[in-house]
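Numbering (full-length UniProt numbering), first residue to last: 1 to 263.
Ideal placement from N, C-alpha and C gives every residue a C-beta, glycine not left out.
Because the structure is a prediction, the values reported are computed rather than measured.
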């Protein structure tokens, strides 16, 4: 079968401990645990079963799973559904919901009937909640704590002067919309980098952050991400970047709930 360049799950063997938590986290049943010379490790059963959407990422406790873009067999929905029916028929509805929510990201067109507004991937699940009562509704003008430009990981050069020997906050894209006190709690006195570990190229992020660590020699890194599983990939990016340049720069992880609370 001719391979195409597409997004697919990458398994870091050094981080994978073979616990098997990823298997129920994959609606497509694309993962398995196999015995290797290094002990039990997760493996793709076949590339064609992996849709590359990353529903399994948050189920891995060690951060061994990331999405990468590489030459792989095209995703085959027909074969995947046949496998689910054989191995885990109870996951079929979850799989269909997952595909429906992400249909615009896949090369194949999916026409399965399913309830609207529901999906298996927590990062895209549609939710709504009532506004919490506040002690006062008076508008308060607050000064921005941003002291640099640009902020996107893709755009910030490793040699940017504001990164040099700085405390750097690396913030997932969705955090500023959920966390009201972002400027005071995470931006003040820090350089900032912003990115999305689910939709962007993790390998590129790893290389870029590694360059920043190597050249800017930051004092510390604060990683702020959302509670949804895919967002934990940001921590994997940082761990791999530190490992690549053999850095011991201190790292702090902060998780923000979708309702705007630090967890």
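DSSP-derived helix/strand/coil call for residue i
i, result
"residue 41", "strand"
"residue 77", "helix"
"residue 14", "coil"
"residue 59", "helix"
"residue 262", "strand"
"residue 342", "Absent from the model: residue 342. The displayed extent of the chain is 1 to 263, so no value can be given."
"residue 245", "coil"
"residue 256", "strand"
"residue 185", "helix"
"residue 89", "helix"
"residue 163", "helix"
"residue 203", "helix"
"residue 178", "helix"
"residue 83", "helix"
"residue 234", "helix"
Contacts around residue i, its chain only, beta-carbon distance under 6 Å, and the 5 residues preceding and following it disregarded
i, result
"residue 179", "256, 260"
"residue 145", "183, 187, 188"
"residue 265", "Residue coverage of the chain in this structure runs from 1 to 263, which leaves residue 265 outside it and unanswerable."
"residue 91", "27, 84"
Which listed residue (the options) has its alpha carbon closest to that of residue i
i, options, result
"residue 59", "49, 87, 9, 83", "9"
"residue 232", "147, 27, 254, 75", "254"
"residue 247", "50, 218, 164, 73", "218"
"residue 249", "152, 213, 66", "213"
"residue 3", "71, 51, 66", "71"
"residue 252", "221, 236, 241, 149", "221"
"residue 57", "80, 202, 143, 89", "202"
"residue 236", "204, 263, 216", "204"
Beta-ladder partner(s) of residue i, from DSSP
i, result
"residue 69", "7"
"residue 152", "194"
"residue 222", "169, 252"
"residue 23", "Answer is none; residue 23 lacks a bridge partner."
"residue 31", "44"
"residue 36", "39"
7 Å CB neighbourhood of residue i in its chain, flanking five on each side removed
i, result
"residue 38", "13"
"residue 211", "158"
"residue 173", "194, 195, 196"
"residue 226", "172, 174, 175, 178, 256, 258"
"residue 151", "192, 193, 194"
Chain-order list of residues whose beta-carbon lies under 8 Å from that of residue i (same chain, five-residue window excluded)
i, result
"residue 33", "18, 20, 23, 40, 41, 42, 43"
"residue 108", "With a pLDDT of 47 at residue 108, under the threshold of 50, the predicted position of this residue should be treated as unreliable, and no value is reported."
"residue 95", "27, 28, 80, 81, 84, 120"
Check: residue i C-beta below 7 Å from any heavy atom of the ligand HEM
i, result
"residue 23", "Of the ligands one can find in the structure shown there are none, so the ligand HEM has no counterpart to examine."
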